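This report concerns only the one structure given below.
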Amino acid sequence: MNTLTNEPLATAATFDDDNMLVQLSDGRQLGVPLAYFPRLAAASPVQRKSYLISGGGAGLHWDELDEDISVPALLAGRMDQTAPPINSPVQKAA
Numbered sequence: 003m004n005t006l007t008n009e010p011l012a013t014a015a016t017f018d019d020d021n022m023l024v025q026l027s028d029g030r031q032l033g034v035p036l037a038y039f040p041r042l043a044a045a046s047p048v049q050r051k052s053y054l055i056s057g058g059g060a061g062l063h064w065d066e067l068d069e070d071i072s073v074p075a076l077l078a079g080r081m082d083q084t085a086p087p088i089n090s091p092v093q094k095a096a
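Take any residue in the sequence shown, note its place counting from 1, add 2, and you have its number in this note's numbering.
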């Protein structure tokens, strides 16, 4: 029995003012808010574009920003694990 799965890999990343858009090898495009990754949110557009695809597409790396993002983690909905949690707009009832 083969338990290996074919995980999609990153082929490119682009940015708008608020989002990172990751092109995947299976044809999907994954949009992720930059707020999930504070180093990218604080970076200049030039710094954001200076990334390397690592691990054959399993990750994205920014030398200058000391940022590494795992594609499987993005697909699982995980954000920067080194940053404090983003405040939810939903307030708890008193």
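Yeah, the Cβ is synthetic: ideal placement off N, Cα and C, and Gly gets one too. If you're wondering where the values come from, they're calculated on a predicted model, not measured in any experiment.
Ordered along the chain, which non-local residues of its own chain (more than five positions away) have a Cβ less than 6 Å from that of A14?
For the purposes of this step, residue 14 is taken as residue 12 along the sequence shown, with counting starting at 1. The residues are Q25.
Smallest Cα separation from S46: which of L32, P74, H63 and F17?
Counting from 1 along the sequence shown, the entry for residue 46 is found at position 44. Minimum Cα distance to S46 is reached at F17.
Under the three-state reduction of DSSP, which class applies to A78: helix, strand or coil?
As a working note, residue 78 is residue 76 in the sequence shown. Correct three-state label for A78: coil.
Given this structure, state the Cα-to-Cα distance separating R30 from A44, to the nearest angstrom.
What you label residue 30 is simply residue 28 of the sequence shown in a count that begins at 1. What you label residue 44 is simply residue 42 of the sequence shown in a count that begins at 1. Approximately 26 Å, taken between the alpha carbons.
On the three-state DSSP scale, how would you describe G33?
The residue given as residue 33 occupies position 31 in the sequence shown. DSSP, read as helix, strand or coil, puts G33 in strand.
So Q49 is in the alpha helix (DSSP H); what residue range does that whole segment cover?
In the sequence shown, the residue the question calls residue 49 occupies position 47. Note, Q49: alpha helix (DSSP H), P47 to K51.
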